[in-house]
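Remember, this note's numbering sits 2 above the position in the sequence shown when you count from 1. For each residue, glycine too, the CB sits at the ideal point set by N, CA and C.
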Amino acid sequence: MEKHYAVIGTPIDHSLSPWMHNAGYKALGIDAEYQRFNVEPSHLAEAVEGLCSLGFSGWNVTLPHKEPIISLLDALTPEARRAGAVNTVKILDGQRIGHNTDGVGFVRSVQDDLKGFKGKKAVLLGAGGAAKGIALALAEQEMELHILNRTPEKASELVQAIQREGGIATSGLFAPGKWLEGVDLLVQTTSVGLHGESFPFSLKGISDQTLVVDIIVNPRETVFLQEARKQGCRTLDGSGMLLFQGVLAWEFWLGGQAPVEAMRQALKGQLMQRMFYKG
Ligand SMILES: NC(=O)c1ccc[n+]([C@@H]2O[C@H](COP(=O)([O-])OP(=O)(O)OC[C@H]3O[C@@H](n4cnc5c(N)ncnc54)[C@H](OP(=O)(O)O)[C@@H]3O)[C@@H](O)[C@H]2O)c1
3 MEKHYAVIGT
13 PIDHSLSPWM
23 HNAGYKALGI
33 DAEYQRFNVE
43 PSHLAEAVEG
53 LCSLGFSGWN
63 VTLPHKEPII
73 SLLDALTPEA
83 RRAGAVNTVK
93 ILDGQRIGHN
103 TDGVGFVRSV
113 QDDLKGFKGK
123 KAVLLGAGGA
133 AKGIALALAE
143 QEMELHILNR
153 TPEKASELVQ
163 AIQREGGIAT
173 SGLFAPGKWL
183 EGVDLLVQTT
193 SVGLHGESFP
203 FSLKGISDQT
213 LVVDIIVNPR
223 ETVFLQEARK
233 QGCRTLDGSG
243 MLLFQGVLAW
253 EFWLGGQAPV
263 EAMRQALKGQ
273 LMQRMFYKG
């Protein structure tokens with residue numbers, strides 16, 4: 003029997019998840035279909051009821067519903083509870099289970115390049131929704147975190163959340179500093195650069211051994227990543243995180259191993275067609 007999956011959010015037209023998941027079903031000969039639905043905040047509860055009534059097996063959740071959907075679910079996985087946000091829902095024996103694959107998806111996307119997490123130093127620029135999932139997942143891998151945000155209170159709150167989970171974290175101002183010299187992993191999670199704008203500070207002085215990631219997907223190489231590349235650092239864009247949050251959602255729903263390469267190629271194919279994205 004055909005299974006049904008979806009992503010809900012607003013706006014939703016930019017979502018590439020249907021291509022990624024449908025290519026995965028095709029690669030493994032799975033009888034399933036993945037759709038995207040524009041859902042306004044005032045219709046979230048109705049949409050969830052509708053998906054359940056229509057027999058959907060699960061769905062992804064994107065902005066602005068990642069937090070509000072929690073009150074409509076029956077249970078949360080530890081990942082969702084820690085992040086305080088849900089990006090994946092599974093229907094299991096009629097129960098709506100909320101999960102979060104963003105943070106662990108990020109970890110999967112850097113593990114080959116970073117070669118080990120424990121005891122290494124990560125600096126996160128930003129303390130918004132995406133940073134929270136990433137920070138908690140990196141702390142779980144026993145990295146030491148330093149979180150820099152324009153609004154310092156939000157960075158301090160995130161540090162406290164990490165410390166409550168037994169992780170090591172400090173916070174600071176969104177500015178260059180001594181931290182540039184000893185960082186193994188630098189992650190840019192703010193929305194600065196989304197529209198091609200320049201980054202407010204230079205990375206001069208950063209070690210060329212640092213792995214630098216900007217989680218923005220489009221443009222592929224933000225001004226921030228260009229600067230990191232000029233300093234000799236290895237760089238990654240946000241497409242790996244996008245891919246692996248999808249891969250992990252797939253595995254949460256269907257079990258087994260998702261066809262990563264088929265999903266990667268589908269995602270890349272779509273990204274290549276988007277305006278700012280070049281090879
Ligand atoms: N690759 C992926 O799979 C993936 C997944 C999720 C998100 N993303 C990307 O991640 C970015 C952030 O998303 P989000 O959901 O975390 O957003 P969010 O919750 O709204 O957080 C935005 C963050 O950016 C900071 N910021 C915004 N404008 C700034 C400026 N002019 N100067 C300095 N800091 C600024 C905010 O600082 P304040 O706290 O001071 O406002 C906050 O830390 C977006 O570009 C999104 O596309 C990528």
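- Item | Selected residue, minimal CA-CA separation from G131, among P221, A157, H16 and L18 | Locating residue 131 in the sequence shown gives position 129, where the first residue counts as 1. A check of alpha carbon separations from G131 across P221, A157, H16 and L18 identifies A157 as the nearest.
- Roughly how many whole angstroms lie between the Cα atoms of G195 and A77? What you label residue 195 is simply residue 193 of the sequence shown in a count that begins at 1. What you label residue 77 is simply residue 75 of the sequence shown in a count that begins at 1. Taking the straight line joining both Cα atoms gives about 36 Å.
- Message: Using only CA atoms, which one of L56, A85, F58 and S55 lies nearest to E69?
- Response: By 1-based counting over the sequence shown, the position of residue 69 is 67. Comparing Cα-Cα distances from E69 to each of L56, A85, F58 and S55, the minimum goes to A85.
- Item | Closest Cα partner of F203 within the set L175, W255 and D186 | As a working note, residue 203 is residue 201 in the sequence shown. Residue L175 is the option with its Cα nearest to F203.
- Nearest-angstrom Cα separation, counted from A82 out to E159: Translated into the one-based positions of the sequence shown, residue 159 becomes position 157. Translated into the one-based positions of the sequence shown, residue 82 becomes position 80. In this model, E159 and A82 are separated by some 17 Å (Cα to Cα).
- Query: Sorted by chain position, which residues of the same chain lie with C-beta nearer than 6 Å to L75's C-beta, five sequence neighbours on each side aside?
  - Reply: For this step, residue 75 is matched to residue 73 along the sequence shown. Excluding residues within five positions, the ones whose Cβ falls inside 6 Å are R98 and G100.
- Say yes only if the C-beta of M243 is nearer than 7 Å to one or more non-hydrogen atoms of ligand 1, and no if none qualify. Within the sequence shown, residue 243 is the residue found at index 241, counting from 1. Result yes, Cβ under 7 Å from ligand 1.
- Is the CB-CB distance between M265 and V249 below 8 Å? Within the sequence shown, residue 265 is the residue found at index 263, counting from 1. Within the sequence shown, residue 249 is the residue found at index 247, counting from 1. The answer is yes: Cβ separation under 8 Å.
- Message: In whole angstroms, give me the CA-to-CA distance for T103 and G11.
- Response: Counted from its first residue, the sequence shown places residue 103 at position 101. Counted from its first residue, the sequence shown places residue 11 at position 9. In a straight line, the C-alpha of T103 is about 16 Å away from that of G11.
- Query: Leaving out five residues before and five after Q247 in sequence, what residues of the same chain have Cβ atoms less than 7 Å from its Cβ?
  - Reply: Locating residue 247 in the sequence shown gives position 245, counting from the first residue. Taken in chain order, the residues that qualify are N89, T103, D104 and G107.
- Query: Could you give the C-beta distance for A124 and L147, rounded to a whole number, given that I count them as a contact under 8 Å?
  - Reply: On the sequence shown, position 122 is the one that residue 124 refers to. On the sequence shown, position 145 is the one that residue 147 refers to. Taking the Cβ atoms as the reference, A124 lies roughly 5 Å from L147, within the contact range of under 8 Å.
- Can you tell me which of V262, E229 and S200 puts its alpha carbon nearest to the alpha carbon of D210? Locating residue 210 in the sequence shown gives position 208, counting from the first residue. Ranking the options by Cα distance to D210, first place goes to E229.
- Quick check: the region 7-22 against the region 54-63, are there 3 or more CB pairs under 8 Å? Touching, per the Cβ criterion.
- Message: Give the list of continuous beta strand (DSSP E) stretches no shorter than 3 residues that lie fully inside the region 200-257.
- Response: Those beta strand (DSSP E) runs which fall completely within the region 200-257 and span 3+ residues are 213-216 and 236-238.
- DSSP three-state assignment for I164, whether helix, strand or coil: Indexing the sequence shown from 1 puts residue 164 at position 162. The DSSP-derived three-state label of I164 is helix.
- Item | Through-space distance from L46 to I93, alpha-carbon basis | Within the sequence shown, numbered from 1, the residue matching residue 93 stands at position 91. Within the sequence shown, numbered from 1, the residue matching residue 46 stands at position 44. Between the C-alpha atoms of I93 and L46 there is a straight-line separation of about 17 Å.
- C-beta atoms of A268 and M3 nearer than 8 Å: Taking the sequence shown and counting its residues from 1, the one referred to as residue 268 is at position 266. Taking the sequence shown and counting its residues from 1, the one referred to as residue 3 is at position 1. No, the Cβ-Cβ distance between A268 and M3 is not below 8 Å.
- Query: Going by the beta-carbon positions, is the gap between T79 and S17 smaller than 8 Å?
  - Reply: For this step, residue 79 is matched to residue 77 along the sequence shown. For this step, residue 17 is matched to residue 15 along the sequence shown. No, they are not a contact pair.
- If you run the structure through DSSP and keep just helix, strand and coil, what is G281? The count along the sequence shown starts at 1 and reaches residue 281 at position 279. Residue placement at G281 cannot be trusted, given a pLDDT of 46 that sits under 50; what the coordinates show is reported in the next sentence. In the structure shown, G281 sits in coil (DSSP, three-state: anything other than H, G, I, E or B).
- Environment of D33 [buried if 16+ CB atoms lie within 10 Å]: Within the sequence shown, the letter at position 31 stands for residue 33. Counting the other Cβ atoms within 10 Å of the Cβ of D33 gives fewer than 16, which makes it exposed.
- When the Cα atoms are used, what is the spatial distance from P13 to T224? Indexing the sequence shown from 1 puts residue 13 at position 11. Indexing the sequence shown from 1 puts residue 224 at position 222. The C-alpha of P13 lies about 22 Å from the C-alpha of T224.
- Near A167, which residues of its chain fall below 8 Å by C-beta distance, leaving aside the five closest residues on each side in sequence? Counted from its first residue, the sequence shown places residue 167 at position 165. Here residue 167 is Glu; the residue named in the question, Ala, does not match the sequence. Cβ neighbours of E167 beyond the five flanking positions: R84, L138, A141 and E142.
- Query: From the DSSP output, which residues share a beta bridge with G174?
  - Reply: Walking along the sequence shown from the start, residue 174 turns up at place 172. For G174, DSSP records a beta bridge to L150.
- Message: If you reduce the DSSP assignment to three classes, tell me which class Q37 lands in.
- Response: As a working mapping, residue 37 is identified with position 35 in the sequence shown. Under the three-state reduction of DSSP output, Q37 falls in the strand class.
- Message: Along the chain, where does the beta strand (DSSP E) containing K123 start, and where does it finish?
- Response: Residue numbering aside, residue 123 sits at position 121 when the sequence shown is read from its first letter. Note, K123: beta strand (DSSP E), K123 to L127.
- Task: Identify which residue in Y27, Q259, I208 and V189 has its Cα closest to the Cα of L127.
- Result: The residue you call residue 127 lines up with position 125 of the sequence shown. Put simply, of Y27, Q259, I208 and V189 the residue whose alpha carbon is nearest the alpha carbon of L127 is V189.
- Message: Please tell me whether, using a cut-off of 7 Å, the distance from the CB of D104 to the nearest non-hydrogen atom of ligand 1 is below it.
- Response: Here residue 104 corresponds to residue number 102 of the sequence shown, with the count starting at 1. It does: the Cβ of D104 is within 7 Å (strictly closer) of some heavy atom of ligand 1.
- Roughly how far, in whole angstroms, is the beta-carbon of F226 from the beta-carbon of F254, given that I think they are within contact range, below 8 Å? In the sequence shown, residue 226 corresponds to position 224, counting from 1. In the sequence shown, residue 254 corresponds to position 252, counting from 1. In fact, because the Cβ distance is near 31 Å, the residues do not count as touching under 8 Å.
- Would you kindly work out how many angstroms separate the C-alpha atoms of E42 and V91, rounded to a whole number? Your numbering for residue 42 matches position 40 in the sequence shown. Your numbering for residue 91 matches position 89 in the sequence shown. The alpha-carbon of E42 is positioned some 18 Å away from that of V91.
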